[in-house]
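*Asks:* Number 191 in my numbering belongs to position 186 of the sequence shown; there are no gaps in the numbering.
Just so you know, even glycine gets a beta-carbon here, dropped at the ideal spot from N, CA and C.
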Amino acid sequence: MAATDVASILNDNNKNVRKWGTQLLAIADYSTEMPTAFFDETTGKPNALPEGFKVLGYISTDGAKMSRSTESSDVQAVQDLEPVRSDITSRNRTLQLTFLEMNAWVKALAHGLPVSQWPAKNDEGFEYTDGETSDFPYYRLIWLGQDGIGTDAHYRVEAGYRVKVTNQGDNTKNRSDAEGEDQTFTFFRDPKTNKTFYEGEKIAKTA
Numbered sequence: 006m007a008a009t010d011v012a013s014i015l016n017d018n019n020k021n022v023r024k025w026g027t028q029l030l031a032i033a034d035y036s037t038e039m040p041t042a043f044f045d046e047t048t049g050k051p052n053a054l055p056e057g058f059k060v061l062g063y064i065s066t067d068g069a070k071m072s073r074s075t076e077s078s079d080v081q082a083v084q085d086l087e088p089v090r091s092d093i094t095s096r097n098r099t100l101q102l103t104f105l106e107m108n109a110w111v112k113a114l115a116h117g118l119p120v121s122q123w124p125a126k127n128d129e130g131f132e133y134t135d136g137e138t139s140d141f142p143y144y145r146l147i148w149l150g151q152d153g154i155g156t157d158a159h160y161r162v163e164a165g166y167r168v169k170v171t172n173q174g175d176n177t178k179n180r181s182d183a184e185g186e187d188q189t190f191t192f193f194r195d196p197k198t199n200k201t202f203y204e205g206e207k208i209a210k211t212a
């Protein structure tokens, strides 16, 4: 095998480094149909959101934090120090965001209401009362992001086929910081489609 140096075999591309300054999160009831195709093949742009999805507005500069955890169980043998096999026992995926708009839709999500019970408009005030709650509803979730503009734009779609709110952070009201609704979604497998999570990215196409 011939000798080489590192510089001559580098395989890097700074056009593949992503930042997502333009993004949104949309929620729909679990009964809403998910798209069969998330992108338009002609333009490379995301397809329009299906009827029933609500966009939840401003997200804090911490953005959308996707967390993943995988646990496994090892089998040890007396002859080896290393495991002789390892089997996955659980895999979890969550998405955490802090919404900055204290509008009727964000507050409806925070109070655990199905989207069908959200008001038609999100900017005309709200009244919600918590009482006896046994669980939060399941939703459909779509996150859309754009990095770059014009023909340099990259579009990302991440989708949850069956999610629900499983954790809520502090809600603080003071003089210096914007109020936020910190919501964490957990992803579950959808028995209707046998899908849990989708992730796709396309590059803008010229005509």
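(1) When you compare the CB of P124 with every CB in chain B, is at least one pair closer than 9 Å?
(2) Return the first residue and the last residue of the beta strand (DSSP E) that A12 is part of.
(3) According to DSSP, which residues form a beta bridge with Y160?
(4) Quick one: grab the DSSP three-state call for Q28.
(5) Just verifying my parser: in three-state terms, what is the DSSP assignment at Q122?
(6) Taking 8 Å as the threshold, find out whether the stretch 107-125 comes into contact with the stretch 64-78 through three or more Cβ pairs.
(7) Going by beta carbon distance, what residues of the same chain come within less than 6 Å of Y203, once the five residues before and after it are set aside?
(8) Residue ranges of each beta strand (DSSP E) run of no fewer than 3 residues wholly in the stretch 52-89, ordered along the chain?
*Replies:* In this structure, then:
(1) Here chain B cannot be found, since the structure has a single protein chain.
(2) Residue numbering aside, residue 12 sits at position 7 when the sequence shown is read from its first letter. First-last for A12: undefined, no H or E at that position.
(3) If you number the sequence shown from 1, residue 160 lands on position 155. In the DSSP output, where bridge partners are listed per residue, Y160 has Q151, K207.
(4) The count along the sequence shown starts at 1 and reaches residue 28 at position 23. Strand, per DSSP.
(5) Position 117 of the sequence shown, counting from 1, holds the residue named residue 122. Of the three classes helix, strand and coil, the one that applies to Q122 here is helix, per DSSP.
(6) no
(7) Taking the sequence shown and counting its residues from 1, the one referred to as residue 203 is at position 198. Closer than 6 Å at Cβ, skipping near neighbours: A164.
(8) 70-80
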